[in-house]
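Since the structure comes first, as structure tokens, the remarks are kept for the end.
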Amino acid sequence: METAKLRKFAQFARRSLIEQVGAKLKLVLAEESPARRESPSAIKKLEEAIAEQGKEQVVERVAYIWFNRLVALRFMDVNRYNRIGVVSPAEGQFQPEILADAKMGHIDEEMVVENTRKRVFALLDGKMPSQDPQGEAYRLLVVAACNYWYSAMPFLFERIDDYTELLMPDDLLSGNSILAYTRDAMTPDACEDVEVIGWLYQFYISEKKDQVFEALKKNQKIKPSNIPAATQLFTPHWIVRYLVDNSLGRLWMLNRPNSDLVDQLEYYIPPEETEADFLKIEGPEELKVCDPACGSGHMLTYAFDLLYAIYEEEGYEPSEIPEKILTHNLYGIELDERAGELAAFALTMKARARQRRFFNKGIKPNICVLEKVSFTPDELEEYMSAVGRDLFTQGLRETLQQFEEADNFGSLILPKLTNVTDVLAELETKDLGSNLFLADTHSKVLKVLRMTEALSPRYAVVVANPPYMGGKGMNGRLGAWAKENYPKSKSDLFAMFIERNLDMAVTGGAVAMITMQSWMFLSSFEALRGRILNQHTILSMAHLGARAFDSIGGEVVSTTAFVLENAHKPHYRGAYLRLVDGNSEAEKMAMMTQAIEQGRSA
């Protein structure tokens, strides 16, 4: 995919949206603003958010929300998932199709509720005073479209009845508007693959990432709120395929050795000898795949394609397969709320592309966004009395305290509670709605338990491009916590994720990752290497070295991609590909393809 235009657009969009949302913030907070009269509750929530998070954080969050929504609407327009173009004009036209139709007296009654339709027509007919009647009418239509998609995708299109709507950018119709640039960058060719969403996400946060690293040079540690921007990196598709083909694909081929799927697994490296000792899989539903640092979902979207082929081969009804994959097979965990939204959106688009009526099914992807949750001792004491103290084992008590800094520790949290599914099922039956205080505590407890379940060791495949951050970049709490909880791998987040991912996989499961190569050589990772060699098995490794990511210049990142089995097989002969001499993504990809083909024909 050609990404230069996407990079330029996403970086411009972030700056432009932050500027426009910031300007709107000043207007709505002015003492005599119309918003204070017409939307007092939204203004109150806005002022509370500013008091809690700071003005800059609120502006950045709202800008990010609108970027995600406008990009998603454009993608759905191009692929005709919207019955009428919400941000895109009809062929030969200039204004968005939904506005052009409204000017001719036609508004989709299913998408736009009656009160909004009346306001739009009143604005367009000049019956409602406005300095910008078309712009105001169009903003109402966009909000209505977002609210319409809430039922199918609540993770991205939360109902807009708060300050998010108040801070919506004003200029959406001019030739220099954010929407004009969105349409120009997100061409029909770019929108053929949902991968475009991942590239836009990486480029949107790239300038903030640069700011974080500039601050790091001045010895300013990376705060929890900046960890996502500092550690996200979009994985090239060929590396994704190597990782997924040799974990998920490999596991399926071991269980179905005569499968024709082998012809689709371009990067699959078959074992040298027939294996008898492997994780037994009875059916596709058992292939639980998790990306514990999923970003915008690139690993999961390719896994979706492979799983679809697996279900098809097993004879499942095509109309049922997307629902089964999102219900039983794919799980993502993410620290960044906006990235988690895009991952869920990308998977939903994958499902919709395969099943025309998928939006009507009410299926939500299993994307868990980790967030910090804390309890006071009195709060837990009262809650325990209400639901029964017999449930509150030491493991549960400790687990409820483990997410107080989830925004800092993320998927590296290793929950103490081992029977979370049983406890969660029992607590979900409790009805505490009559007591508002207890209902709030109950909601927080369930939230912690659902995060705990996502982090539990239950996956056949764990695949990831984890965050990279050395000890020098860690804030004080993260550094101290790493030493206490990951003594073998404390030197870098990516190394801690190697250990964590092995703990999330079931016995015999596969862990596929791309990481910095330093764990292979440095003395600080000797204990980690010892764990891998003495408790697990290296199935294959592609030593990529520098320049495996064209989006990162020079020798900055030297990497290795590998697949481990969560079982110790001391006599297993893994496959090793040395690709360090390649000078670009294209060269390394060609070298890998050639090496794999030679290995298969040998």
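Counting in this note's numbering, the sequence shown runs from 1 upward without gaps.
Every residue gets a Cβ at the ideal spot worked out from N, C-alpha and C, and that includes glycine.
- If you draw a 10 Å sphere on the C-beta of Glu398, you find fewer than 16 other C-beta atoms in it, and that means exposed.
- By the beta-carbon neighbour count (other beta carbons within 10 angstroms, threshold 16), Lys588 is buried.
- By the Cβ rule, the stretch 520 to 531 does not count as touching the stretch 256 to 275, because fewer than three pairs are nearer than 8 Å.
- In this structure Ala63 is in contact with Ile18, their Cβ atoms being roughly 5 Å apart against a cut-off of 8 Å.
- Residue pairing by DSSP places Asp291 opposite Gly332 in a beta bridge.
- Burial check for Thr507: the Cβ neighbour count within 10 Å stays below 16, so the residue is exposed.
- Three or more Cβ pairs closer than 8 Å define a contact, and the stretch 158 to 174 meets that threshold against the stretch 131 to 149.
- Note that the stretch 365 to 373 touches the stretch 338 to 354; at least 3 beta-carbon pairs, one per stretch, sit closer than 8 Å.
- Between Asp184 and Phe375, the alpha-carbon positions lie close to 48 Å from each other.
- Partner residues in the beta bridge of Glu565, as assigned by DSSP, are Ala510 and Thr537.
- For Val369, the beta-bridge partners assigned by DSSP are Glu334.
- For Leu577, the pairing in a beta bridge is given by DSSP as Ala542.
- In this structure, the beta-carbon distance from Glu207 to Arg14 falls below 8 Å.
- Short of 7 Å from the beta carbon of Lys488, and not among the five residues preceding or following it, lie these beta carbons of its own chain, in chain order: Glu499, Ala527, Leu528 and Arg531.
- Boundaries of the beta strand (DSSP E) harbouring Val462: Tyr459 to Ala464, taken from the DSSP string.
- The C-beta distance from Met516 to Thr559 rounds to 6 Å, short enough to meet the 8 Å contact threshold.
- The three-state reading of DSSP puts Asp162 in coil, since its state is none of H, G, I, E or B.
- Separation of Ser151 and His328 (C-alpha to C-alpha, rounded to the nearest whole angstrom) is 21 Å.
- Counting only residues of its own chain and dropping the five nearest sequence neighbours on each side, Met496 has a CB closer than 6 Å to the CB of Leu412, Tyr486 and Ser489.
- A direct Cα-to-Cα measurement between Glu47 and Ala35 gives close to 13 Å.
- Contact annotation, Pro284 with Leu307: C-beta distance approximately 7 Å; criterion of less than 8 Å satisfied.
- For Lys447, the enclosing alpha helix (DSSP H) starts and ends at Leu436 to Ala454.
- The beta-bridge partner set that DSSP reports for Gly470 consists of Asp492.
- Note on geometry: alpha-carbon atoms of Trp199 and Ser518 lie some 26 Å from one another.
- Setting aside the 5 residues that flank it on each side, Glu426 is surrounded in the same chain by Leu391, each with a C-beta closer than 8 Å to its C-beta; the list follows chain order.
- Distance from the CA atom of Asn68 to the CA atom of Val420, rounded to whole angstroms, is 33 Å.
- For Glu379, same chain residues with a beta-carbon under 7 Å away, outside a window of 5 residues either side, are Thr441 in chain order.
- With three or more CB-CB distances shorter than 8 Å, the stretch 18 to 27 counts as touching the stretch 52 to 62.
- When the alpha-carbon of Leu287 is set against those of His298, Tyr331, Gly85 and Gly126, the nearest one is in Tyr331.
- Within the stretch 16 to 91, complete alpha helix (DSSP H) segments of at least 4 residues are found at 34 to 38, 40 to 53 and 55 to 78, given in chain order.
- Contact check for Pro467 against Phe494 passes: the beta carbons are separated by less than 8 Å.
- Sequence-distant partners of Asp77 (beyond 5 residues in either direction) whose C-beta falls short of 7 Å from its own C-beta, in its chain, are Gly85, Val86, Val87 and Ser88.
- For the stretch 178 to 210, the full-length alpha helix (DSSP H) segments reaching 4 residues or more read 178 to 185 along the chain.
- Partner residues in the beta bridge of Met516, as assigned by DSSP, are Thr559.
- The DSSP-derived three-state label of Pro318 is helix.
- Of the other Cβ atoms in all chains shown, 16 or more fall within 10 Å of the Cβ of Phe525; this residue is therefore buried.
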